[in-house]
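Chemist: I'd like to ask you about the structure that follows.
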Amino acid sequence: MYDFDKVIDRRGTCSVKYDLLKEIFGKKDILPMWVADMDFKSPPCIINAVRKVCDHGVFGYSFKPDSSTEAFMNWVSERYNWKVKKEWVSSSPGVVAAIPLSIRCFTNHGDKILIQTPVYPPFHSAVKDCKRELICSDLKEENGVYSVDWEDFEKKLRGGVKMFILCNSHNPIGRVWSREELTKMGELCLKYGVVIFSDEIHADLALFGNKHTVMASISEDISSVTVTAMAPSKTFNIAGMMNSVIVISSADMFRCYSKELSILHLDLGNLFSHITMDAAYRMGAEWLKELKTYLEKNIDFTFDYISKNIPSVKMVKPEGSFLLWLDFRESGFSHEEVKKRLVEICDLGLNDGISFGSSGRGFFRMNVGAPLSVVQEGLSRLKRAF
Ligand SMILES: Cc1ncc(COP(=O)(O)O)c(C=O)c1O
155 MYDFDKVIDR
165 RGTCSVKYDL
175 LKEIFGKKDI
185 LPMWVADMDF
195 KSPPCIINAV
205 RKVCDHGVFG
215 YSFKPDSSTE
225 AFMNWVSERY
235 NWKVKKEWVS
245 SSPGVVAAIP
255 LSIRCFTNHG
265 DKILIQTPVY
275 PPFHSAVKDC
285 KRELICSDLK
295 EENGVYSVDW
305 EDFEKKLRGG
315 VKMFILCNSH
325 NPIGRVWSRE
335 ELTKMGELCL
345 KYGVVIFSDE
355 IHADLALFGN
365 KHTVMASISE
375 DISSVTVTAM
385 APSKTFNIAG
395 MMNSVIVISS
405 ADMFRCYSKE
415 LSILHLDLGN
425 LFSHITMDAA
435 YRMGAEWLKE
445 LKTYLEKNID
455 FTFDYISKNI
465 PSVKMVKPEG
475 SFLLWLDFRE
485 SGFSHEEVKK
495 RLVEICDLGL
505 NDGISFGSSG
515 RGFFRMNVGA
525 PLSVVQEGLS
535 RLKRAF
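With positions in the sequence shown counted from 1, the corresponding number in the numbering used here is that position plus 154.
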């Protein structure tokens with residue numbers, strides 16, 4: 155019913171992905187398959203909601219309506235069996251902004267904060283920029299499949315970590331963490347008195363029958379030490395609206411977070427963020443269902459293509475989202491050579507694996523949240539040099 159095949163020209167629209175190519179890759183003539191937004195139009199329900207506000211034409215100060223919070227609460231109740239109370243729900247102009255906000259609220263200068271590498275670059279920078287000590291626990295990789303190194307994870311928690319920033323599901327390695335894995339992580343955090351910041355922005359995009367579990371839904375105890383960040387931005391391709399939902403069930407922690415938000419005058423939020431979130435969570439389910447089928451098709455196609463035509467590059471299908479973690483370690487080229495060849499021979503813009511941590515050496519991240527014809531073009535370009 156929805157047209158995900160349509161190629162839409164995004165150049166000249168203040169698009170980070172399309173309009174900053176020269177700055178990022180050194181030249182403009184690049185097919186961008188990097189930053190994590192999609193090349194699809196958002197669902198009609200969102201476009202109509204924006205249109206209605208534009209037709210009205212007055213864009214004064216706004217606040218988040220209760221209907222938007224209620225739509226979120228229904229969404230997570232139905233999908234994740236997570237029963238959220240209204241008084242737990244706060245906001246942030248994007249999930250990334252909520253990371254330093256939470257670090258400031260719940261830790262002190264010099265405190266240790268744990269991340270599981272390789273992981274989304276702002277996890278690293280938020281900790282360092284807030285002058286906390288970054289502690290990395292490398293995920294264990296075996297034939298492209300990643301799991302937690304439990305011994306290392308616990309050793310690091312025991313060493314005085316104050317906060318754990320979880321990526322659930324995990325960007326860039328594509329794991330949708332199982333309930334068992336999350337329970338073990340959560341219980342270890344409880345044991346060592348560690349606050350959890352659970353970034354669940356990719357939750358709605360669990361694919362291939364994998365089921366997303368909300369960390370805070372596992373138990374009241376785990377919930378009481380957890381800040382959960384969710385958003386409609388990845389799900390409905392509205393990252394430019396800068397909207398996210400922050401859920402904190404501990405009353406003390408909630409007060410602290412809300413205070414910080416209001417000091418920065420970020421609590422009112424943005425009109426377009428409010429109305430798009432409301433429309434997305436109330437009316438976006440059908441569109442999302444079709445999107446996920448389309449993404450699975452793109453991933454299947456890419457997997458088959460790479461296996462048959464570019465066997466020196468390895469790929470494991472992600473359990474969720476539209477980001478592929480490609481392994482070039484057996485390509486015969488060093489990381490630096492791969493990086494150069496991608497730009498100079500393939501005219502392709504992928505994310506450098508090292509930006510996710512040193513264990514990302516030899517890897518590059520490819521975004522297939524695009525019409526299949528664009529993905530096909532990207533793959534034929536990749537074949538030029540590998
Ligand atoms: C794990 C993760 N968290 C957060 C973000 C971005 O969040 P926001 O745009 O809401 O700041 C991304 C975007 O790629 C992401 O992958």
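Idealized CB from N, CA, C, for every residue including glycine.
Being a predicted model, the structure only gives us computed values, none of them experimental.
Starting from the Cα of D421, find the closest Cα among F540, R409 and D432 and give me that residue.
Modeler: As a working mapping, residue 421 is identified with position 267 in the sequence shown. Nearest C-alpha to D421: R409.
Chemist: Can you tell me whether R164 is helix, strand or coil according to DSSP?
Modeler: Mapped onto the sequence shown, residue 164 falls at position 10. Reduced to three states, the DSSP call for R164 is coil.
Chemist: List the residues that DSSP assigns as beta-bridge partners of C321.
Modeler: Mapped onto the sequence shown, residue 321 falls at position 167. Paired residue(s): D353.
Chemist: Drop a sphere of 10 angstroms on the beta-carbon of D265, count the other beta-carbons inside from all chains shown, and report buried for 16 or more, exposed for fewer.
Modeler: Your numbering for residue 265 matches position 111 in the sequence shown. Buried is the call here.
Chemist: Can you list the beta strand (DSSP E) stretches of 3 or more residues lying completely in the region 416-495, in chain order?
Modeler: DSSP runs (the beta strand (DSSP E)) wholly in the region 416-495: 477-481.
Chemist: From T261, S231, I327 and R258, pick the residue whose C-alpha is nearest to that of D292; which is it?
Modeler: Counting from one through the sequence shown, the residue named residue 292 turns up at place 138. It is I327 whose Cα lies nearest to the Cα of D292.
Chemist: Helix, strand or coil, according to DSSP, for R519 in the structure here?
Modeler: The count along the sequence shown starts at 1 and reaches residue 519 at position 365. The answer is strand: DSSP assigns R519 an E or B state.
Chemist: Over the uninterrupted beta strand (DSSP E) stretch that includes D292, give me the two end residues.
Modeler: Along the sequence shown, read from residue 1 onward, the residue named residue 292 stands at position 138. Here the beta strand (DSSP E) through D292 covers E287 to D292.
Chemist: Taking the C-alpha atoms as reference points, what is the distance between L445 and F158?
Modeler: The count along the sequence shown starts at 1 and reaches residue 445 at position 291. The count along the sequence shown starts at 1 and reaches residue 158 at position 4. Straight-line Cα distance between these residues: approximately 8 Å.
Chemist: First and last residue of the alpha helix (DSSP H) that includes M396?
Modeler: In the sequence shown, the residue the question calls residue 396 occupies position 242. Counting along the chain, M396 falls outside any alpha helix (DSSP H), and DSSP gives it neither H nor E.
Chemist: Determine the direct distance from the alpha carbon of P219 to that of H428, and round the result to whole angstroms.
Modeler: Counted from its first residue, the sequence shown places residue 428 at position 274. Counted from its first residue, the sequence shown places residue 219 at position 65. Their backbone Cα atoms lie some 7 Å apart in a straight line.
Chemist: Would you kindly work out how many angstroms separate the C-alpha atoms of W563 and F226, rounded to a whole number?
Modeler: Nothing about residue 563 can be reported from this structure: the residues present for the chain run from 155 to 540 only.
Chemist: What whole-angstrom Cβ distance do Y300 and R329 have, given they're in contact under 8 Å?
Modeler: The count along the sequence shown starts at 1 and reaches residue 300 at position 146. The count along the sequence shown starts at 1 and reaches residue 329 at position 175. Yes, Y300 and R329 are in contact; Cβ-Cβ is about 6 Å, under 8 Å.
Chemist: Excluding the five sequence neighbours on either side, which residues of its own chain have a C-beta within less than 7 Å of the C-beta of M396, listed in chain order?
Modeler: Walking along the sequence shown from the start, residue 396 turns up at place 242. P247, G248, N424 and S427.
Chemist: Can you list, in chain order, the residues of its chain whose CB lies under 6 Å from that of T271, leaving out five sequence neighbours each side?
Modeler: Walking along the sequence shown from the start, residue 271 turns up at place 117. These residues qualify, in order along the chain: C290, D292, G511 and S513.
Chemist: Rounded to whole angstroms, what's the CA-CA distance from V212 to L359? Just pull it up for me.
Modeler: As a position in the sequence shown, residue 212 is number 58, starting the count at 1. As a position in the sequence shown, residue 359 is number 205, starting the count at 1. Each residue's Cα considered, the two are about 34 Å apart.
Chemist: Which two residues bound the contiguous beta strand (DSSP E) that contains L268?
Modeler: For the purposes of this step, residue 268 is taken as residue 114 along the sequence shown, with counting starting at 1. Residues K266 to T271.
Chemist: Going straight from the alpha carbon of A434 to that of C199, what length do you get?
Modeler: Numbered from its first residue, the sequence shown carries residue 434 at position 280. Numbered from its first residue, the sequence shown carries residue 199 at position 45. Going by the C-alpha atoms only, they are around 7 Å apart.
Chemist: Rounded to whole angstroms, what's the CA-CA distance from D454 to K471? Just pull it up for me.
Modeler: Walking along the sequence shown from the start, residue 454 turns up at place 300. Walking along the sequence shown from the start, residue 471 turns up at place 317. Looking at the two C-alpha atoms, the distance is approximately 8 Å.
Chemist: Can you round the beta-carbon distance between L502 and G532 to whole angstroms, since I take them to be within the 8 Å contact cut?
Modeler: The residue you call residue 502 lines up with position 348 of the sequence shown. The residue you call residue 532 lines up with position 378 of the sequence shown. Indeed, because the Cβ distance is near 6 Å, the residues count as touching under 8 Å.
Chemist: So F518 packs on V492, CB below 8 Å; how close in whole Å?
Modeler: In the sequence shown, counting from the first residue as 1, residue 518 sits at position 364. In the sequence shown, counting from the first residue as 1, residue 492 sits at position 338. That pair is a contact at about 7 Å.
Chemist: Consider the Cβ of P186: report whether some Cβ of chain C lies at a distance smaller than 8 Å.
Modeler: Annotation note: the requested chain C is absent from the structure, which comprises a single protein chain.
Chemist: Any heavy atom of ligand 1 closer than 7 Å to the beta-carbon of Y321?
Modeler: In the sequence shown, counting from the first residue as 1, residue 321 sits at position 167. It should be noted that the sequence gives Cys, not Tyr, for residue 321. C321 Cβ: within cutoff of ligand 1.
Chemist: At the level of alpha carbons, what is the spacing between V273 and A524?
Modeler: Counting from 1 along the sequence shown, the entry for residue 273 is found at position 119. Counting from 1 along the sequence shown, the entry for residue 524 is found at position 370. Roughly 23 Å separates the two Cα atoms.
Chemist: Unbroken alpha helix (DSSP H) runs of length 4 or more, entirely within the region 220-287: which are they?
Modeler: Complete alpha helix (DSSP H) runs here, min 4: 220-234, 249-260 and 275-283.
Chemist: Does the beta-carbon of M187 have 16 or more other beta-carbons within 10 angstroms, so that it is buried, or is it exposed?
Modeler: The sequence position of residue 187 within the sequence shown is 33, counting from 1. Answer is buried; the Cβ neighbour count reaches 16.
Chemist: Regarding D353 and ligand 1, is the C-beta to nearest heavy atom distance less than 7 Å?
Modeler: As a working mapping, residue 353 is identified with position 199 in the sequence shown. At least one heavy atom of ligand 1 is nearer than 7 Å to the Cβ of D353, so yes.
Chemist: Is the beta carbon of E308 less than 8 Å from the beta carbon of L342?
Modeler: Counting from 1 along the sequence shown, the entry for residue 308 is found at position 154. Counting from 1 along the sequence shown, the entry for residue 342 is found at position 188. Yes. Within cutoff.
Chemist: Does the beta-carbon of G503, which I'm using as the reference point, lie nearer than 7 Å to any heavy atom of ligand 1?
Modeler: Within the sequence shown, the letter at position 349 stands for residue 503. Every heavy atom of ligand 1 is 7 Å or more from the Cβ of G503, so no.
Chemist: CA-CA distance, F540 and S485?
Modeler: Counting from 1 along the sequence shown, the entry for residue 540 is found at position 386. Counting from 1 along the sequence shown, the entry for residue 485 is found at position 331. Between F540 and S485, the C-alpha separation is close to 7 Å.
Chemist: Note down, in chain order, each residue of its chain lying with its Cβ closer than 7 Å to the Cβ of N505, except the 5 sequence neighbours on either side.
Modeler: Here residue 505 corresponds to residue number 351 of the sequence shown, with the count starting at 1. Contacts found: W188, F518 and R519.
Chemist: Rank S371, R483, V381 and Y448 by C-alpha distance to the C-alpha of I464 and give the top, closest one.
Modeler: On the sequence shown, position 310 is the one that residue 464 refers to. The shortest Cα separation from I464 among S371, R483, V381 and Y448 belongs to R483.
Chemist: Determine, using beta carbons only, whether V381 and S412 come nearer to each other than 8 Å.
Modeler: Taking the sequence shown and counting its residues from 1, the one referred to as residue 381 is at position 227. Taking the sequence shown and counting its residues from 1, the one referred to as residue 412 is at position 258. In this structure, S412 does not lie closer than 8 Å to V381 by Cβ.
Chemist: Within 10 Å of its beta-carbon, does K110 have 16 or more other beta-carbons around it, so buried, or fewer, so exposed?
Modeler: Here the chain has residues from 155 to 540 only, and residue 110 is not among them.
Chemist: Let me check you understand the geometry: is the CB of H356 closer than 7 Å to at least one non-hydrogen atom of ligand 1?
Modeler: The residue labelled residue 356 in the question sits at position 202 within the sequence shown. Answer for H356: yes, Cβ within range of ligand 1.
Chemist: Under 6 Å Cβ to Cβ from T367, same chain only, skipping five residues before and after it: list those, please.
Modeler: Here residue 367 is taken as the residue at index 213 of the sequence shown, counted from 1. Hits under 6 Å: R333 and L336.
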